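Q: Pasting in a structure now, in structure tokens, and then I'll have a few things to ask.
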Amino acid sequence: MLDLGNYLPILFFIIVGLLVGAGASIVGFLLGTRKPDPEKNSPYECGFEAFEDARMKFDVRYYLIAILFIIFDLEIAFLFPWAVVFKELGLFGFVAMMIFLTILVIGFIYEWKKGH
Amino acid sequence: MEIIYILLGIILIVVPLMLSVAYLTYAERKIIGYMQVRIGPNRVGPRGWLQPIADAVKLMFKEIIIPTNANTFLFIIAPILVIAPALAAWAVIPFMSGWVLADINAGLLYILAMTSIGVYGIIIAGWASNSKYAFLGALRSAAQIVSYEIAMGFALVGVLMAAGSLNLSQIIQAQNGSIFHWFWLPLLPLFVIYFISGVAETNRSPFDLAEGESEIVAGFHVEYSGMLFAIFFLAEYANMILIAALTSTLFWGGWLSPFQGTFLESTFAWVPGLFWFIIKIALFLLFFLWFRATFPRYRYDQLMRLGWKVFIPITLVWIVVLSVFILVKLPPWFV
Numbered sequence: 022m023l024d025l026g027n028y029l030p031i032l033f034f035i036i037v038g039l040l041v042g043a044g045a046s047i048v049g050f051l052l053g054t055r056k057p058d059p060e061k062n063s064p065y066e067c068g069f070e071a072f073e074d075a076r077m078k079f080d081v082r083y084y085l086i087a088i089l090f091i092i093f094d095l096e097i098a099f100l101f102p103w104a105v106v107f108k109e110l111g112l113f114g115f116v117a118m119m120i121f122l123t124i125l126v127i128g129f130i131y132e133w134k135k136g137h
Numbered sequence: 210m211e212i213i214y215i216l217l218g219i220i221l222i223v224v225p226l227m228l229s230v231a232y233l234t235y236a237e238r239k240i241i242g243y244m245q246v247r248i249g250p251n252r253v254g255p256r257g258w259l260q261p262i263a264d265a266v267k268l269m270f271k272e273i274i275i276p277t278n279a280n281t282f283l284f285i286i287a288p289i290l291v292i293a294p295a296l297a298a299w300a301v302i303p304f305m306s307g308w309v310l311a312d313i314n315a316g317l318l319y320i321l322a323m324t325s326i327g328v329y330g331i332i333i334a335g336w337a338s339n340s341k342y343a344f345l346g347a348l349r350s351a352a353q354i355v356s357y358e359i360a361m362g363f364a365l366v367g368v369l370m371a372a373g374s375l376n377l378s379q380i381i382q383a384q385n386g387s388i389f390h391w392f393w394l395p396l397l398p399l400f401v402i403y404f405i406s407g408v409a410e411t412n413r414s415p416f417d418l419a420e421g422e423s424e425i426v427a428g429f430h431v432e433y434s435g436m437l438f439a440i441f442f443l444a445e446y447a448n449m450i451l452i453a454a455l456t457s458t459l460f461w462g463g464w465l466s467p468f469q470g471t472f473l474e475s476t477f478a479w480v481p482g483l484f485w486f487i488i489k490i491a492l493f494l495l496f497f498l499w500f501r502a503t504f505p506r507y508r509y510d511q512l513m514r515l516g517w518k519v520f521i522p523i524t525l526v527w528i529v530v531l532s533v534f535i536l537v538k539l540p541p542w543f544v
């Protein structure tokens, strides 16, 4: 069933993708002008002098979203193989996945009520 | 010998793709121009046809500015990390019956993986720039992409249940029959959610908060110029075409003719499948442009609410509904 030969074009395609990116950057560096200037190289802040470091504290909710994403993405990873063979699993597969989804939905409702 | 064929195949995909990207930018400016009662670019070449070429040449000769405070290595590597997956995902797209570079069993999983990797390039770009706008843009973009990734993943689960395969060619074969056998009809809510999430994933208007010209200037790529900026641009448009191609593959029958099963089927039998595929891609790309011309930008909390509190519940419910459809073998799709 598993034929690794089929995956060879993918490896090549990823390499070509990286080369396209690298090649375009090299072309840009070779052809572009280069006149560095301390003002030009300072961070862009609509003309103002940058007044503090850009690596500032950020809202913790961004971090929570990332954690929630991991949980839900794992659910999807569990659902994928189930979905492929669902037609063969029949009623048993349906009941099993409904139990799983119920647990997921309880967690989802909890998150919703917590209000993120 | 085999390697030469593979490389030839890759060139046959990448070169037309790059040309499509170039002319998609032209089409975008022209179409949005006409929608806003302007005529768009019309100076370079007849009716502005050479505008994208002129833009590309201009960008090549522009200075690449690397800010003093930036991490030089990460700053240069980020655009490459964005473009590589945007191109590599095309390896598994079937253009016509048998016309696929890598006919792998895990095609859809590979697509999901490739489209997720692009976000790393965006985060790295925003971080490496060491600029406030870039940082904010990268944060917004990352949170937005992961939120819509979930709705997208659930929509894909629906496709998998209906098709029973991860292989994209087999997913198209499972839609064989007529225009009403295509998955858009039994999976209608999932199709709509998949496409809208696709618009959000590519950071396109009305979900372009990561770039939001009027608030954070250009977001994560504000410090980029010249060719490095061009690569981000290229990747964004290549991703748009990819989403359009995936939507037509998964929900609109890919290369299948829309006249299948009607009295016109034999009349149009000579048209190659590639033609139908391109027509469908062009149609979805038109939607991308149309959205940009008509919708105002979302506010960030509205964006998050739409992703988490509207799309995810709908997809979950529809997955349950779909499993009931399959269990009762609802004709004509699940016999």
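As given, the protein sequences belong to chains V and L, one line each in that order. Numbered per the working numbering, the first sequence spans residues 22 to 137. Numbered per the working numbering, the second sequence spans residues 210 to 544. Backbone N, C-alpha and C fix where the C-beta goes; we use that ideal spot for every residue, glycine too. If you're wondering where the values come from, they're calculated on a predicted model, not measured in any experiment.
1) Roughly how many angstroms lie between the CA atoms of Ala-337 of chain L and Pro-398 of chain L, to the nearest whole one?
2) For Met-22 of chain V, which residues from the same chain have a beta carbon less than 7 Å from its beta carbon, with the 5 sequence-adjacent residues on both sides left out?
3) Out of curiosity, what's the CA-to-CA distance linking Arg-247 of chain L and Ile-241 of chain L?
4) Which class does Met-22 of chain V belong to by DSSP, given the choice of helix, strand or coil?
5) With which residues is Met-305 of chain L paired in a DSSP beta bridge?
6) Classify Thr-228 of chain L as buried or exposed, calling it buried when 16 or more other Cβ atoms lie within 10 Å of its own Cβ.
7) Quick check on DSSP: helix, strand or coil for Asn-339 of chain L?
8) According to DSSP, is Gly-53 of chain V part of a helix, a strand, or is it coil?
9) If you check the beta carbons only, do Ile-313 of chain L and Tyr-28 of chain V fall under 8 Å apart?
10) Does any residue of chain L bring its CB to less than 8 Å from the CB of Glu-60 of chain V?
11) Using a Cβ cut-off of 8 Å (strictly closer), state whether Tyr-342 of chain L contacts chain V.
12) Can you list, in chain order, the stretches of the beta strand (DSSP E) that have 3 or more residues and sit fully within the segment 433-471 of chain L?
13) Looking at Pro-415 of chain L: is its Cβ nearer than 8 Å to the Cβ of Arg-506 of chain L?
14) Let's test the definition: count the other Cβ atoms within 10 Å of the Cβ of Lys-267 of chain L and tell me whether it reaches 16, buried, or not, exposed.
15) List, in order along the chain, the chain V residues whose C-beta lies closer than 7 Å to that of Met-269 of chain L?
16) From the DSSP output, in three-state form, read off Asp-330 of chain L for me.
17) Taking the C-alpha atoms as reference points, what is the distance between Leu-536 of chain L and Phe-34 of chain V?
18) Taking the alpha helix (DSSP H) that Arg-508 of chain L falls in, what are its first and last residues?
19) Buried or exposed for Ser-466 of chain L, going by 16 or more other Cβ atoms inside 10 Å?
20) For Ile-212 of chain L and Thr-458 of chain L, which I take to be in contact (beta-carbon distance under 8 Å), what is that distance rounded to the nearest angstrom?
21) Got a sec: is the Cβ-Cβ distance from Val-105 of chain V to anything in chain C below 8 Å?
22) Quick check on His-430 of chain L: does DSSP put it in helix, strand or coil?
23) Which residues in chain L sit within 7 Å of Lys-56 of chain V, going by Cβ to Cβ distance?
24) Assign Asn-376 of chain L to one of three DSSP states: helix, strand, or coil.
25) Which chain V residues sit within Cβ distance under 7 Å of Asn-278 of chain L?
26) Check each residue of the segment 106-132 of chain V: if its Cβ is closer than 9 Å to any Cβ of chain L, include it; give the result in chain order.
27) Using a Cβ-Cβ cut-off of less than 7 Å, list which residues of the segment 86-97 of chain V approach chain L; keep chain order.
28) Specify, as a first and last residue, the run of the alpha helix (DSSP H) that Ser-532 of chain L falls within.
29) Pairing CB atoms from the segment 446-457 of chain L with CB atoms from the segment 405-412 of chain L, are three or more of them under 8 Å?
30) Using a Cβ-Cβ cut-off of less than 8 Å, give me the residues of the segment 22-44 of chain V that come near chain L, in sequence order.
31) How close, in whole Å, do the beta carbons of Ala-279 of chain L and Ser-350 of chain L come, if the pair is a contact with beta carbons under 8 Å?
32) Okay, do the segment 256-273 of chain L and the segment 289-296 of chain L touch, 3+ Cβ pairs below 8 Å being the bar?
33) Please say whether Ala-334 of chain L and Phe-429 of chain L have beta carbons closer to each other than 8 Å?
A: With the given structure in hand:
1) Locating residue 337 of chain L in the second sequence gives position 128, counting from the first residue. Locating residue 398 of chain L in the second sequence gives position 189, counting from the first residue. If I take the Cα positions, the gap works out to 39 Å.
2) Along the first sequence, one-based indexing puts residue 22 of chain V at 1. Bear in mind that a pLDDT of 44 at Met-22 of chain V, under 50, signals an unreliable position, so the number given afterwards is only what the model happens to contain. Cβ contact annotation for Met-22 of chain V (same chain, cutoff 7 Å, sequence separation greater than five): none.
3) As a first step, residue 247 of chain L must be located in the second sequence, where it is residue number 38. As a first step, residue 241 of chain L must be located in the second sequence, where it is residue number 32. Approximately 8 Å between the Cα atoms of the pair.
4) Translated into the one-based positions of the first sequence, residue 22 of chain V becomes position 1. A caution first: Met-22 of chain V carries a pLDDT of 44, below 50, which makes its placement in the model unreliable, though a value can still be read off. Coil.
5) Locating residue 305 of chain L in the second sequence gives position 96, where the first residue counts as 1. Per DSSP, L:Trp-308.
6) Numbered from its first residue, the second sequence carries residue 228 of chain L at position 19. It is worth fixing the name first, because residue 228 of chain L is Leu in this sequence and not Thr. The residue in question, Leu-228 of chain L, is exposed, as its Cβ has fewer than 16 Cβ neighbours within 10 Å.
7) Your numbering for residue 339 of chain L matches position 130 in the second sequence. It is coil, neither helix nor strand.
8) For the purposes of this step, residue 53 of chain V is taken as residue 32 along the first sequence, with counting starting at 1. Three-state DSSP puts Gly-53 of chain V in coil, outside helix and strand.
9) Counting from 1 along the second sequence, the entry for residue 313 of chain L is found at position 104. Counting from 1 along the first sequence, the entry for residue 28 of chain V is found at position 7. Annotated as proximal: Ile-313 of chain L and Tyr-28 of chain V, with beta-carbon spacing under 8 Å.
10) For the purposes of this step, residue 60 of chain V is taken as residue 39 along the first sequence, with counting starting at 1. No - not a single Cβ of chain L is within 8 Å of the one on Glu-60 of chain V.
11) The sequence position of residue 342 of chain L within the second sequence is 133, counting from 1. By this cut-off, Tyr-342 of chain L is an interface position.
12) Segments of the beta strand (DSSP E) lying fully in the segment 433-471 of chain L: there are none.
13) Within the second sequence, numbered from 1, the residue matching residue 415 of chain L stands at position 206. Within the second sequence, numbered from 1, the residue matching residue 506 of chain L stands at position 297. Taking 8 Å as the Cβ cut-off, Pro-415 of chain L and Arg-506 of chain L qualify as a contacting pair.
14) For the purposes of this step, residue 267 of chain L is taken as the residue at position 58 of the second sequence. Result: exposed.
15) Here the question's residue 269 of chain L lines up with position 60 in the second sequence. Ordered by position in chain V, the residues that pass the 7 Å Cβ test against Met-269 of chain L are Val-48, Gly-49 and Leu-52.
16) As a first step, residue 330 of chain L must be located in the second sequence, where it is residue number 121. Note that residue 330 of chain L is Gly in the sequence shown, not Asp. Helix.
17) The residue labelled residue 536 of chain L in the question sits at position 327 within the second sequence. The residue labelled residue 34 of chain V in the question sits at position 13 within the first sequence. Distance between the alpha carbons of Leu-536 of chain L and Phe-34 of chain V: 40 Å.
18) For the purposes of this step, residue 508 of chain L is identified with residue 299 of the second sequence, where counting begins at 1. For Arg-508 of chain L, no alpha helix (DSSP H) encloses it, and the DSSP letter there is neither H nor E.
19) Taking the second sequence and counting its residues from 1, one reaches residue 466 of chain L at position 257. It counts as buried.
20) In the second sequence, the residue the question calls residue 212 of chain L occupies position 3. In the second sequence, the residue the question calls residue 458 of chain L occupies position 249. With 8 Å as the limit, Ile-212 of chain L and Thr-458 of chain L do not qualify as a contact, their Cβ atoms being about 27 Å apart.
21) Considering every chain present, this structure includes no chain C. Its protein chains are V and L.
22) Here residue 430 of chain L refers to the residue found at position 221 when the second sequence is read from its first residue. In this structure, His-430 of chain L counts as helix in the three-state DSSP scheme.
23) By one-based count along the first sequence, residue 56 of chain V stands at place 35. In chain order: Glu-272.
24) Your numbering for residue 376 of chain L matches position 167 in the second sequence. Coil.
25) Within the second sequence, residue 278 of chain L is the residue found at index 69, counting from 1. Within chain V, the residues Pro-64 have their CB atoms less than 7 Å from the CB of Asn-278 of chain L, given in chain order.
26) For the segment 106-132 of chain V, residues whose beta-carbon sits nearer than 9 Å to a beta-carbon of chain L comprise Val-106, Phe-107, Lys-108, Glu-109, Gly-111, Leu-112, Gly-114, Phe-115, Met-118, Met-119, Leu-122, Leu-125, Val-126, Phe-129 and Glu-132.
27) Ile-86, Ala-87, Phe-90, Phe-93, Asp-94 and Ile-97: these are the residues of the segment 86-97 of chain V whose beta carbon lies less than 7 Å from some beta carbon of chain L, given in chain order.
28) Within the second sequence, the letter at position 323 stands for residue 532 of chain L. Per DSSP, Ser-532 of chain L belongs to the alpha helix (DSSP H) from 521-536.
29) A contact exists between the segment 446-457 of chain L and the segment 405-412 of chain L.
30) Cβ contacts with chain L: Met-22, Leu-23, Asn-27, Tyr-28, Leu-29, Pro-30, Ile-31, Phe-33, Phe-34, Ile-35, Val-37, Gly-38, Leu-39, Val-41, Gly-42 and Ala-43.
31) Within the second sequence, the letter at position 70 stands for residue 279 of chain L. Within the second sequence, the letter at position 141 stands for residue 350 of chain L. A Cβ-Cβ distance of about 18 Å is found for the pair Ala-279 of chain L and Ser-350 of chain L, leaving them out of contact under the 8 Å criterion.
32) The segment 256-273 of chain L and the segment 289-296 of chain L do not touch, with fewer than 3 CB-CB distances between them shorter than 8 Å.
33) Position 220 of the second sequence holds residue 429 of chain L. Position 125 of the second sequence holds residue 334 of chain L. Against a cut-off of 8 Å, the Cβ pair of Ala-334 of chain L and Phe-429 of chain L comes out as a contact.
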